[in-house]
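Trainee: Take a look at the following structure, please.
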Amino acid sequence: MIRGSVWLASALLVGACHTAGVDRATGGGGGGGGSLDAPAAGAGGADAGGAGAGGGAGGAFTVDAPADDAASCAFRAFTAARLPLDLVLLVDASGSMADPVVGGQNGESKWRLAREALLRFVRDPGSADLGVGLQFFPLLGEGSPCTNSGDCDPAFAAMTWMCQPESACIAPGGDLDTASWCSLPDGFACMAGACTLLGTCATTGQGCANVGQPCTGSTPDDVCQARPKTCQSAAIVCDAARYQTLAAAIAPLPAAALPFARLLAMRRPGGTTPMAEAAIGTLTALRDRLTAMPARRAAMVIATDGLPVGCSNQDIPTIADTLYTAAQGTPRVPTYVIGVLDAADRQLGASALGQLATAGNTRAPFILDPAQDLTQKLLDALDRIRTDALPCEYEIPADSAGAVDYGRVNVHFTGSAGAQDIPYSGGAARCDPARGGWYYDVDPAASTPHHIVACDATCNAFKNDPGGKVELRFGCKTVVIP
């Protein structure tokens, strides 16, 4: 499994350029070049040193070193540093998510099953170092943090019962997820059981109802802590700008897992599905972050059990326009789509969500049947998205020998099938659809590149070989696509 982490630059390696299957002793560095066969160059040269890797094998193509380097040349190699990824999960928390799964067991709701998958995803060691953020739609549903009633609905600020510590009617053996809301201290609307203050387990982030006591079945230090005040009844937010403030700000895993879990434990589904406003606000937040942090990459995931309803009632084509603009613009943010659809909604819903995934410049939407092991299927979809969204874009390390000679840079990949030099394509438009290749983030003849980008075919090969190693090599003439 490819981790969400970057591949950090290793210690300096010194080796030799090679022809297919033949290693050469190193000699002096070379000078610059020009055009596709030798991109615009600066100063050259490198240190002498040891041996290089062998040629490719097993389905990979092999390109001999250029004639002027066939005898010897020196190179320095760095393990490639993959640009880090931020993934924001835009999660449907509308009232329909509280519905029991049709055909499911034990009356489980879609919300509870989906929540478990989200928790497993952020706790998975494979997500380590992934930047993760969380946003709900609609905002101001039950469980949204607040300090006073005005935070829940400014139009009804006098209704002070709207913002308070969360409590529920808990019967012996009762379920926190299905318990009805009540109001302490009078137990308003508590028809069964006792009105009980709810909490969150300190280390696991699970919901609990024994504030001040150790959480059941956990370690002694996992104490049930009282929750902050939250909205117990609220208006639906229809202002896209409000969705720019994420429910859980982007932070690296695993540290972000606990606050993520606490938010999921507090939130209860309710209200309509203002997908357009949520997507506009969340994408704006992501693009603002990338503008301020250009060395990162980002993607959004929409997870929903239905089509947009409420607020502007913007239709699917309108939302698709928003996703397309974000996926094609600068900075670029693609959108993945997961649909949790009952049989009655599947045909219409899958077609509509397919339009969103296409506009977001990602694979076909993941359409999940809630009655078919929803937790595992949703986790599988998130795992696939995590791998798919990881950028095949690598930082050009600082060159201690001076300016990089862009006519003498190579991308070398060592994988399960052997080792090979990936050829330079000269730009995204010139990538070979079968053989792949690589290019610079900007044309070195016009500006100074900072990143190396793998073509789609090469990127897919890297991701399908998670044990492989990508090196950036400096000093030998660039291998190019013929």
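Take 364 as the starting number for the sequence shown in my numbering and just add one per residue.
Ideal Cβ positions, reconstructed from N, Cα and C, are used throughout, including at glycine.
Remember, predicted model here, so these are calculated numbers, not experimental data.
(1) Check whether the Cβ atoms of A610 and L626 lie closer than 7 Å to each other.
(2) Compute the Euclidean distance between the alpha carbons of A565 and G781, then round it to the nearest angstrom.
(3) What number of angstroms, rounded off, separates the C-alpha of T636 from the C-alpha of F776?
(4) How far does the alpha helix (DSSP H) with Y787 in it reach, from first residue to last?
(5) On the criterion of 16 or more Cβ atoms from any shown chain inside 10 Å, does V696 qualify as buried, or is it exposed?
(6) Should A727 go down as buried or exposed, given a rule of 16 or more other Cβ atoms within 10 Å for buried?
(7) Once you ignore the five residues that flank I682 on each side, which residues in its own chain have a CB closer than 7 Å to its CB?
(8) Skipping 5 residues on each side, what residues in its chain have a beta carbon closer than 8 Å to that of C847?
(9) In this structure, does DSSP put R439 in helix, strand or coil?
(10) Determine the extent of the beta strand (DSSP E) in which P615 is found, giving its start and end residues.
(11) Just to confirm the assignment, what range does the alpha helix (DSSP H) spanning A661 have?
(12) Since I believe L616 is in contact with V495 (beta carbons under 8 Å), could you give me their beta-carbon distance rounded to a whole number of angstroms?
(13) Comparing alpha-carbon positions, which option in F729, A491, P754, P786 lies nearest L716?
(14) Check the C-beta distance from V842 over to P786 and give it rounded, since I have them as a contact under 8 Å.
(15) Below 8 Å on the Cβ atoms is my contact criterion, and I expect I665 with T698 to pass it. Report the Cβ-Cβ distance as a whole number of Å.
(16) Looking only at C-alpha atoms, which of T567, P591, R590 sits nearest to P583?
(17) Please confirm whether R445 and F837 have their CB atoms less than 7 Å apart.
(18) Using C-beta distances below 8 Å, list every residue in its chain close to A461, excluding the 5 sequence neighbours before and after it, in chain order.
(19) Where does V703 land, buried or exposed, given buried means 16+ other C-beta within 10 angstroms?
(20) What first and last residue would you give for the beta strand (DSSP E) that runs through Q735?
(21) Determine, using beta carbons only, whether L741 and A477 come nearer to each other than 7 Å.
Mentor: According to the structure shown:
(1) Between A610 and L626, the C-beta spacing is below 7 Å.
(2) The straight-line gap from Cα to Cα measures roughly 48 Å.
(3) About 46 Å.
(4) Taken as a continuous stretch (DSSP letters only), Y787 belongs to no alpha helix (DSSP H), as it is neither H nor E.
(5) By the neighbour-count rule (16 or more Cβ atoms within 10 Å), V696 is buried.
(6) The residue is exposed, with fewer than 16 neighbouring Cβ atoms inside 10 Å.
(7) Cβ neighbours of I682 beyond the five flanking positions: M638, A639, A642, P671, L719.
(8) This structure does not reach residue 847, given that the chain is present from 364 up to 845, and the question cannot be answered.
(9) Strand.
(10) Residues 611-615.
(11) First-last for A661: 660-667, but that is the beta strand (DSSP E), not the alpha helix (DSSP H).
(12) So it is a contact: roughly 6 Å between Cβ atoms.
(13) Ranking the options by Cα distance to L716, first place goes to F729.
(14) A Cβ-Cβ distance of about 5 Å is found for the pair V842 and P786, placing them in contact under the 8 Å criterion.
(15) Yes, they are in contact, since the Cβ atoms of I665 and T698 sit about 6 Å apart, within 8 Å.
(16) If we check each option's Cα against that of P583, T567 comes out closest.
(17) In terms of Cβ geometry, R445 and F837 do not form a close pair [threshold 7 Å].
(18) Excluding positions up to five away in sequence, the list reads S472, K473, W474, R631, P632, G633.
(19) V703 counts as buried, since no fewer than 16 other beta carbons sit within 10 angstroms of its beta carbon.
(20) Where Q735 is concerned, there is no enclosing beta strand (DSSP E), given that its DSSP letter is neither H nor E.
(21) Yes, Cβ-Cβ distance for L741 and A477 is below 7 Å.
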